[in-house]
Amino acid sequence: CHDHKFDPVPTSDYYALAGIFKSTQVMLSFRVDSKWNARALGPASLEQRLSQLEGTIDRLDRILVLGNQQQMSPELRKSYSDELQAARTAYRAIPKAMAVNDGTGADLEIFLRGNHLTRGPRVPRRFPRIAAGFSQPPLAGPGSGRLELARWVGSDRNPLSARVLVNRIWQGHFGHGLVRSPDNFGHLGQRPDNQPLLDWLSLRFVADGWSIKQLHRRIMNSDAYRMSSIAEAGTRRKAGLSDPDNRLLWKMNRRRMHAEVLRDSLLALSGQLDETMGGQPIDARAFDNLSSKPRSTFGFDEPRRSVYLPVLRSAIYEVFQAFDFPDPAVPSGRRDETTVAPQALFLMNGQLVTGATRAMAVALQAEPTDADRLARAYHLILGRPPRQDEQRAWRTFLAGFDEPLSAWQSVCRVLLSSNEFVYIQ
Numbered sequence: 078c079h080d081h082k083f084d085p086v087p088t089s090d091y092y093a094l095a096g097i098f099k100s101t102q103v104m105l106s107f108r109v110d111s112k113w114n115a116r117a118l119g120p121a122s123l124e125q126r127l128s129q130l131e132g133t134i135d136r137l138d139r140i141l142v143l144g145n146q147q148q149m150s151p152e153l154r155k156s157y158s159d160e161l162q163a164a165r166t167a168y169r170a171i172p173k174a175m176a177v178n179d180g181t182g183a184d185l186e187i188f189l190r191g192n193h194l195t196r197g198p199r200v201p202r203r204f205p206r207i208a209a210g211f212s213q214p215p216l217a218g219p220g221s222g223r224l225e226l227a228r229w230v231g232s233d234r235n236p237l238s239a240r241v242l243v244n245r246i247w248q249g250h251f252g253h254g255l256v257r258s259p260d261n262f263g264h265l266g267q268r269p270d271n272q273p274l275l276d277w278l279s280l281r282f283v284a285d286g287w288s289i290k291q292l293h294r295r296i297m298n299s300d301a302y303r304m305s306s307i308a309e310a311g312t313r314r315k316a317g318l319s320d321p322d323n324r325l326l327w328k329m330n331r332r333r334m335h336a337e338v339l340r341d342s343l344l345a346l347s348g349q350l351d352e353t354m355g356g357q358p359i360d361a362r363a364f365d366n367l368s369s370k371p372r373s374t375f376g377f378d379e380p381r382r383s384v385y386l387p388v389l390r391s392a393i394y395e396v397f398q399a400f401d402f403p404d405p406a407v408p409s410g411r412r413d414e415t416t417v418a419p420q421a422l423f424l425m426n427g428q429l430v431t432g433a434t435r436a437m438a439v440a441l442q443a444e445p446t447d448a449d450r451l452a453r454a455y456h457l458i459l460g461r462p463p464r465q466d467e468q469r470a471w472r473t474f475l476a477g478f479d480e481p482l483s484a485w486q487s488v489c490r491v492l493l494s495s496n497e498f499v500y501i502q
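Numbered per the working numbering, the sequence shown spans residues 78 to 502.
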């Protein structure tokens with residue numbers, strides 16, 4: 078409500094939406110050893126087995142915690158403890174995920190001026206009327222309404238979902254969305270740069286069965302996406318006056334690599350990237366408390382693609398921290414982009430960069446001459462051959478080293494630190 082204080086969303090609509098989630102059960106129990114509600118990832122028989130184990134664990138917990146252990150024989154106490162340990166081991170072995178359960182659906186009363194002691198009228202559960210219409214029937218029945226809400230969000234009758242999703246994907250490709258306030262399509266948000274284009278892409282997206290792959294293909298095959306960020310002088314003069322912010326895309330936006338792309342590029346160029354698909358990112362059981370474990374167990378040093386690295390709110394990977402990885406504890410529609418000293422220091426001295434440049438320097442030794450090594454390094458890192466002036470400068474630079482491997486590691490480090498590598502043209 079703080080983000081949309083000037084939009085036509087009345088208080089009753091917020092309570093109507095909150096009522097849908099009022100009966101949602103998140104925790105299985107709130108005892109001292111509180112448990113997350115979990116669902117087995119597998120057939121129904123696995124879900125039944127999970128439920129049986131939860132009952133066994135609760136029963137044995139009560140016996141050992143609430144029972145008088147002093148009156149138990151050592152053999153009986155050990156038998157209970159062993160049975161409890163076996164049940165917990167079997168419970169951990171079942172693949173599962175955090176989930177929610179529906180309780181009994183109920184409507185909420187408005188808290189007048191936010192005071193829970195001052196109750197106002199009861200509001201039937203429904204969707205926000207500004208988007209779903211003012212004539213919609215309230216949600217009835219014993220269910221919470223979460224299923225109906227999910228169906229409405231993914232419906233072609235919803236005027237927002239397709240536009241918001243298309244805008245986010247466009248933003249990922251161009252650095253800015255067609256609506257430059259991706260979290261706010263209301264009065265405080267910005268107007269679309271190209272409303273007809275956003276509407277057309279959204280309609281095509283729905284017509285394609287909400288296929289994200291097809292949307293990516295359509296955007297990436299467009300002339301706008303395939304343009305260079307370096308425009309011709311004449312175009313730059315004319316378009317720069319009428320559209321200095323490049324809202325109509327007369328050239329491609331120059332963008333810095335995201336932290337994940339930068340890390341994957343370093344591993345790929347050095348031949349260290351593990352392209353294995355799927356599997357767990359770290360060796361941890363579901364719902365384990367990782368904040369108390371050493372960072373070496375988090376899997377940050379694994380050479381797999383960054384999409385497989387864990388995202389831990391209490392321990393963000395230092396490479397991600399340096400390059401504006403969003404805070405995973407709060408929703409973020411668009412990443413900040415800062416240019417600060419720790420980024421340069423990481424590219425000069427970071428452990429990941431040191432390992433990558435060492436591997437690249439070793440690989441370059443397979444080339445017969447320094448000129449071939451330099452051409453190979455430029456081709457790998459910058460995608461072009463070195464210019465004549467660059468070749469002369471590098472010959473002078475290399476002459477100052479006695480140890481070839483150290484020299485070529487420095488060459489690779491300099492190229493990887495350049496804007497030409499870090500920024501996407």
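Backbone N, C-alpha and C define an ideal beta-carbon position, used for all residues, glycine too.
Here Lys-290 has no same chain residue with a Cβ atom under 8 angstroms from its own Cβ, once five neighbours each way along the sequence are excluded. For Gly-311, the uninterrupted alpha helix (DSSP H) segment begins and ends at 310-319. Annotated three-state conformation of Asn-178 is strand, per DSSP. Three or more pairs of CB atoms, one per stretch, sit closer than 8 angstroms, so the stretch 199-213 contacts the stretch 177-184.
Secondary structure at Asp-479: coil, using DSSP grouped into helix, strand and coil.
Secondary structure of Leu-161 (DSSP, three-state): helix. Per DSSP, the beta bridge partners of Tyr-500 are Arg-333.
Pairing His-250 with Val-283, the inter-Cα distance amounts to about 20 angstroms. Runs of alpha helix (DSSP H) with 4 or more residues, each lying fully within the stretch 242-314, are found at 272-284, 289-297, listed in chain order.
Per DSSP, Ile-187 is not a residue of any alpha helix (DSSP H); the beta strand (DSSP E) it occupies stretches across 185-188.
For Pro-419, the uninterrupted alpha helix (DSSP H) run begins and ends at 418-426, by DSSP. Leu-237 sits close to Ala-208, with the two beta carbons spaced by under 7 angstroms. The C-alpha of Val-230 lies about 26 angstroms from the C-alpha of Val-384.
DSSP places Ala-117 within a strand segment (E or B) once states are collapsed to three.
In the three-state reduction of the DSSP assignment, Thr-353 falls in the coil class, being assigned neither a helical nor a strand state.
Residue burial is scored here from C-beta neighbours: Ile-307 has fewer than 16 other C-beta atoms within 10 angstroms and is therefore classed as exposed. For Arg-411, there is no enclosing beta strand (DSSP E), since its DSSP letter is neither H nor E. According to the DSSP assignment, Arg-199 belongs to the beta strand (DSSP E) that extends over 196-200. Apart from sequence neighbours up to five positions away, the residues of its chain that approach Pro-403 with a beta-carbon distance below 6 angstroms are Ser-409, Arg-412, ordered along the chain.
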